[in-house]
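The next block holds one structure in the form of structure tokens; read it before the comments.
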Amino acid sequence: MTSGEKRLAERLEEKLEDDYLCWYDVSIGEKTRHPDFVIFHPSRGLLVIEVKDWKLTSIQSIDKQSVVLHTDHGIKHELNPLEQARQYMYVITNKLERDPQLIWPNGSLKGKPAFPYGHGVALTNIDRKQFDDHNMENVLPAHLVICKDEMTQSVDAEEFQKRLWDMFPYKFARTLSLPQIDRVRWHMFPEIRIPAQADIFSDNSQKEIEIPDVLRVMDIQQEQLARSLGEGHRVIHGVAGSGKTLILGYRAEHLAKMCQRPILVLCYNKTLAAKLASTMATKGLQNKVNVVNFHAWCVRQLKAYNVGMPPNNTDMDGFFEACIEKVIRSVDQKLIPSAQYDAVLIDEGHDFRAEWLKLVVQMIHPDTNSLLVLYDDAQSIYNGPKKLRFSFSSVGVQAKGRTTILKLNYRNTAEILAVARAFADDLLSTKDTEEDQMPTVQPMSTGRHGPKPLLIKFPKLSAEIEHLAERLINANKTGMPWSQMAVIYRNYGIGKEVSQALNRKGIPFEWQQDKNKKFDLNHESVKIVTMHSSKGLEFPLVCIPAVGTTTKHVEPEEDEARLLYVAMTRATHELVMTYGEDSMITGKMQRAMTTLNFI
Numbered sequence: 001m002t003s004g005e006k007r008l009a010e011r012l013e014e015k016l017e018d019d020y021l022c023w024y025d026v027s028i029g030e031k032t033r034h035p036d037f038v039i040f041h042p043s044r045g046l047l048v049i050e051v052k053d054w055k056l057t058s059i060q061s062i063d064k065q066s067v068v069l070h071t072d073h074g075i076k077h078e079l080n081p082l083e084q085a086r087q088y089m090y091v092i093t094n095k096l097e098r099d100p101q102l103i104w105p106n107g108s109l110k111g112k113p114a115f116p117y118g119h120g121v122a123l124t125n126i127d128r129k130q131f132d133d134h135n136m137e138n139v140l141p142a143h144l145v146i147c148k149d150e151m152t153q154s155v156d157a158e159e160f161q162k163r164l165w166d167m168f169p170y171k172f173a174r175t176l177s178l179p180q181i182d183r184v185r186w187h188m189f190p191e192i193r194i195p196a197q198a199d200i201f202s203d204n205s206q207k208e209i210e211i212p213d214v215l216r217v218m219d220i221q222q223e224q225l226a227r228s229l230g231e232g233h234r235v236i237h238g239v240a241g242s243g244k245t246l247i248l249g250y251r252a253e254h255l256a257k258m259c260q261r262p263i264l265v266l267c268y269n270k271t272l273a274a275k276l277a278s279t280m281a282t283k284g285l286q287n288k289v290n291v292v293n294f295h296a297w298c299v300r301q302l303k304a305y306n307v308g309m310p311p312n313n314t315d316m317d318g319f320f321e322a323c324i325e326k327v328i329r330s331v332d333q334k335l336i337p338s339a340q341y342d343a344v345l346i347d348e349g350h351d352f353r354a355e356w357l358k359l360v361v362q363m364i365h366p367d368t369n370s371l372l373v374l375y376d377d378a379q380s381i382y383n384g385p386k387k388l389r390f391s392f393s394s395v396g397v398q399a400k401g402r403t404t405i406l407k408l409n410y411r412n413t414a415e416i417l418a419v420a421r422a423f424a425d426d427l428l429s430t431k432d433t434e435e436d437q438m439p440t441v442q443p444m445s446t447g448r449h450g451p452k453p454l455l456i457k458f459p460k461l462s463a464e465i466e467h468l469a470e471r472l473i474n475a476n477k478t479g480m481p482w483s484q485m486a487v488i489y490r491n492y493g494i495g496k497e498v499s500q501a502l503n504r505k506g507i508p509f510e511w512q513q514d515k516n517k518k519f520d521l522n523h524e525s526v527k528i529v530t531m532h533s534s535k536g537l538e539f540p541l542v543c544i545p546a547v548g549t550t551t552k553h554v555e556p557e558e559d560e561a562r563l564l565y566v567a568m569t570r571a572t573h574e575l576v577m578t579y580g581e582d583s584m585i586t587g588k589m590q591r592a593m594t595t596l597n598f599i
């Protein structure tokens with residue numbers, strides 16, 4: 001910011017109430033115009049302000065279209081700032097006028113935005129007396145200008161606001177609803193749209209395209225967080241479905257436009273890594289943003305720098321552990337260089353061990369020092385008894401004063417979240433932690449409703465799977481695409497029976513039986529996926545067979561609870577769970593379901 005822009009920003013923060021939205025230097029629309037400030041209020045309207053730190057002595061001449069300035073680099077010609085602000089304003093309003101829900105349906109203003117809009121200029125080094133004495137009103141109407149002495153810290157809030165709202169040519173006695181405000185944001189800023197909704201406006205297309213009735217965008221906290229993460233190390237504690245991965249994608253795209261070196265995005269889960277990589281490829285960023293799961297990244301490092309691979313036998317877990325240890329040693333010995341990336345972004349940070357984070361932090365170039373870690377302790381489903389609580393500072397992550405908590409769950413309906421929370425109450429209970437550690441955050445519902453989750457008992461597994469297959473068929477008959485359904489299972493035997501049943505009934509499916517096979521999440525098929533691999537994914541309909549089934553290796557009850565919590569919270573609309581006579585349904589699950597009247 002220039003000093004004048006900073007002063008105006010401070011006044012906006014101090015003098016405006018909390019229901020105002022202000023954007024500074026944010027790209028508008030497809031042609032990436034950058035007005036200095038856009039101010040929006042549900043009843044006041046939309047205002048565009050350009051800020052100029054000119055002094056009277058620097059203005060050689062000015063008319064209604066242009067300005068000639070004396071600068072340290074010689075004579076400079078610029079557009080009149082009021083004309084500049086006016087053009088930005090019309091870029092915005094021309095977009096909004098294409099939405100029937102944001103315009104007057106009839107009357108003298110038919111087709112115009114259903115809220116006031118205006119534009120103005122802030123002259124941060126010229127006071128009102130100077131402005132009047134030099135007859136600047138001839139080219140900058142006085143009511144469209146706020147001067148240096150009218151934006152001081154001591155100025156009365158009402159006087160300051162009046163200066164702004166005098167810039168509007170008219171006023172309306174109506175207030176926009178929250179959905180209408182989201183529509184305004186959706187049109188102005190394509191980058192905050194939820195990815196499933198493509199940018200339906202294109203400067204190359206003259207076709208009138210119907211705008212969806214419901215538009216999904218980041219909420220205000222998510223947008224503010226994504227835009228203002230800033231430099232250095234940042235940590236986001238977010239519950240399941242709070243938009244952590246959405247923010248990571250926005251951040252990666254933003255950094256890709258600024259950074260010279262590659263950007264590294266790391267996950268634990270291969271399926272999530274493939275999904276993020278596909279998103280980056282869709283945006284044309286695959287050459288700038290490297291998305292990979294942590295273990296595969298370690299293998300790539302060993303191959304790229306020719307330091308040799310450990311023996312690869314049938315014990316894949318042992319092989320990958322050896323790869324990690326060799327990468328750590330090789331970095332310490334300078335055989336693998338540090339500071340390879342301008343930024344590192346870590347999804348599923350809750351599944352990363354301390355030594356992994358310590359390694360990854362060394363990969364960030366000190367010129368940028370850009371790190372983002374996202375996690376939800378309730379979804380920590382790996383490493384079992386080896387899990388240790390550690391501070392971020394102990395592994396080189398400077399998190400103090402740079403943490404944000406996201407509590408709102410947007411993915412699940414209130415009914416699904418209620419069951420998941422009741423079931424996982426112990427592992428979601430808030431633990432006393434320092435800011436520098438990983439706290440557990442209680443998820444909060446946004447209030448979206450849907451069918452009550454089901455937990456149904458059957459005499460044997462084959463009957464469970466038969467029932468779930470029929471539910472998938474019925475959902476497809478009523479219009480739900482196969483790609484919006486998933487069967488999430490605990491062990492291989494269950495997955496095999498599910499695949500055989502779906503095959504017999506002619507249901508298209510993908511089963512990640514081969515560990516090296518990647519899902520095509522857009523393929524028109526039901527996804528059969530393990531509880532571990534489901535993390536980071538979501539589907540409108542989720543079926544979970546054999547809840548409470550036993551495994552070869554007895555796992556701690558808390559770890560099993562975390563796994564089931566992850567699986568349950570993959571469902572965005574409908575959740576159906578089944579269990580058999582021999583399933584180990586815990587008293588916790590029974591109480592969760594019966595308390596909520598879902599059995």
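The sequence shown runs 1 to 599 under UniProt numbering. Virtual Cβ for every residue (Gly too), placed ideally from N, Cα, C.
Rounded C-alpha distance that separates residue i from residue j
i: proline 337; j: methionine 280; result: 25 Å
i: leucine 345; j: tyrosine 305; result: 22 Å
i: asparagine 94; j: proline 113; result: 9 Å
i: lysine 6; j: phenylalanine 37; result: 11 Å
i: leucine 276; j: valine 51; result: 39 Å
i: isoleucine 194; j: isoleucine 62; result: 44 Å
i: glycine 111; j: leucine 102; result: 9 Å
i: alanine 296; j: isoleucine 126; result: 59 Å
i: cysteine 259; j: glutamine 340; result: 12 Å
i: glutamate 466; j: phenylalanine 458; result: 10 Å
i: residue 630; j: proline 443; result: Examination of residue 630 is not possible in this model, given that the chain is present from 1 through 599 alone.
i: threonine 271; j: leucine 502; result: 22 Å
i: leucine 335; j: cysteine 298; result: 13 Å
i: asparagine 287; j: arginine 261; result: 11 Å
Proximity of residue i and residue j at Cβ, strictly below 7 Å
i: tyrosine 268; j: glutamate 321; result: no
i: proline 453; j: tryptophan 482; result: no
i: isoleucine 528; j: tryptophan 511; result: yes
i: residue 633; j: leucine 8; result: There is simply no residue 633 to check, as the chain begins at 1 and stops at 599 in what is shown.
i: isoleucine 92; j: alanine 122; result: no
i: alanine 343; j: valine 289; result: no
i: valine 265; j: glutamine 301; result: no
i: glycine 45; j: tyrosine 117; result: yes
i: valine 526; j: leucine 468; result: no
i: leucine 570; j: valine 542; result: It should be noted that the sequence gives arginine, not leucine, for residue 570. Against a cut-off of 7 Å, the Cβ pair of valine 542 and arginine 570 comes out as a contact.
i: tyrosine 565; j: alanine 420; result: yes
i: serine 370; j: asparagine 409; result: no
i: proline 540; j: threonine 572; result: yes
i: leucine 56; j: glutamine 130; result: yes
i: isoleucine 488; j: alanine 567; result: yes
i: aspartate 376; j: valine 239; result: yes
Element boundaries [beta strand (DSSP E), containing residue i]
i: cysteine 298; result: Note, cysteine 298: premise wrong, no beta strand (DSSP E); alpha helix (DSSP H) at 294 to 304.
i: arginine 234; result: 233 to 238
i: methionine 485; result: 485 to 489
i: lysine 52; result: 45 to 52
i: glutamine 60; result: 59 to 62
Proximity to residue i [Cα-Cα], best of the options
i: proline 42; options: Lys505, Ile181, Leu357, Ala296; result: Ile181
i: leucine 575; options: His449, Thr549, Tyr492, Val498; result: His449
i: glycine 243; options: Ala414, Ile220, Lys148; result: Ile220
i: isoleucine 324; options: Ala339, Gly308, Thr314; result: Gly308
i: serine 278; options: Asn522, Ile544, Ala567; result: Asn522
i: histidine 233; options: Leu372, Asp63, Thr549; result: Leu372
i: glycine 447; options: Leu455, Ala414, Leu178, Gln301; result: Ala414
i: arginine 163; options: Glu464, Lys148, Arg216; result: Lys148
i: residue 654; options: Val419, Leu357, Phe168, Asp133; result: Nothing can be reported for residue 654, as the shown portion of the chain is limited to 1 through 599.
i: valine 48; options: Phe131, Leu335, Val26; result: Val26
i: isoleucine 28; options: Gln161, Trp186, His134, Leu16; result: Trp186
i: aspartate 18; options: Ile39, Val235, Arg33, Met1; result: Ile39
i: histidine 237; options: Phe392, Asp317, Leu56; result: Phe392
i: leucine 178; options: Arg216, Pro190, Arg329, Val155; result: Arg216
Range of the contiguous alpha helix (DSSP H) that encloses residue i
i: lysine 270; result: 270 to 282
i: cysteine 259; result: Per DSSP, cysteine 259 belongs to no alpha helix (DSSP H) and is neither H nor E.
i: alanine 85; result: 81 to 96
i: histidine 119; result: First-last for histidine 119: 117 to 123, but that is the beta strand (DSSP E), not the alpha helix (DSSP H).
i: isoleucine 416; result: 414 to 423
Specify whether the stretch 2 to 21 and the stretch 69 to 85 touch according to this definition: at least 3 beta carbon pairs, one from each stretch, less than 8 Å apart. no
Can you find at least 3 beta carbon pairs, one from the stretch 215 to 225 and one from the stretch 400 to 408, that sit closer than 8 Å? Result yes; three or more Cβ-Cβ pairs closer than 8 Å.
Quick check: the stretch 355 to 367 against the stretch 250 to 258, are at least 3 beta-carbon pairs closer than 8 Å? no
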